[in-house]
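Visitor:
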Amino acid sequence: MRVLVGVKRVVDYAVKVRVAKTGPPGVDLANTKMSMNPFCEIAVEQAIRMKEAGHVSEVVAVSAGPEKSQETLRQGLAMGDDRAVH
């Protein structure tokens, strides 16, 4: 059986979020550190544990978004995912 884990790229939890001063209201993402959502990271770790226990044959990480979301997929591969789909 394969496990499909969705991963999301978000603003790092240790970074103080700044409100955009110009343009439409929102968060200023310029020069902001991004990382994998901590809850997605827990899901990836659990899928890898299931693989090590022999319940799963393959772990696949999936992310939909801009090209920079590939960094998040690489982090999942470094954790032990078998494949990544963008």
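By this note's numbering, the letter at position 43 of the sequence shown is numbered 239, and the numbering carries on one by one without gaps.
From the three backbone atoms N, C-alpha and C, an ideal C-beta is built for every residue, glycine too.
(1) Take C236 as the anchor and find which of V215, H282, V201 and I244 has the nearest alpha-carbon.
(2) Between V258 and V203, is the Cβ-Cβ spacing less than 9 Å?
(3) Assuming contact is defined by CB atoms lying nearer than 9 Å, are V252 and V213 in contact in what I supplied?
(4) According to DSSP, simplified to helix, strand and coil, what is M246?
(5) Whose C-alpha, out of D277, M246, A243 and H282, is nearest the C-alpha of P262?
Guide: A quick look at the data gives this:
(1) Indexing the sequence shown from 1 puts residue 236 at position 40. Checked all of V215, H282, V201 and I244; the closest Cα to C236 is V201.
(2) Here residue 258 refers to the residue found at position 62 of the sequence shown. Here residue 203 refers to the residue found at position 7 of the sequence shown. Yes; because the gap between Cβ atoms is below 9 Å, this pair is in contact.
(3) Start at 1 with the first residue of the sequence shown, and residue 252 comes out as number 56. Start at 1 with the first residue of the sequence shown, and residue 213 comes out as number 17. No, the pair does not count as a contact, with Cβ atoms beyond the cut-off.
(4) Against the sequence shown, residue 246 aligns to sequence position 50. Helix, per DSSP.
(5) Counting from 1 along the sequence shown, the entry for residue 262 is found at position 66. Ranking D277, M246, A243 and H282 by CA distance to the CA of P262 puts H282 first.
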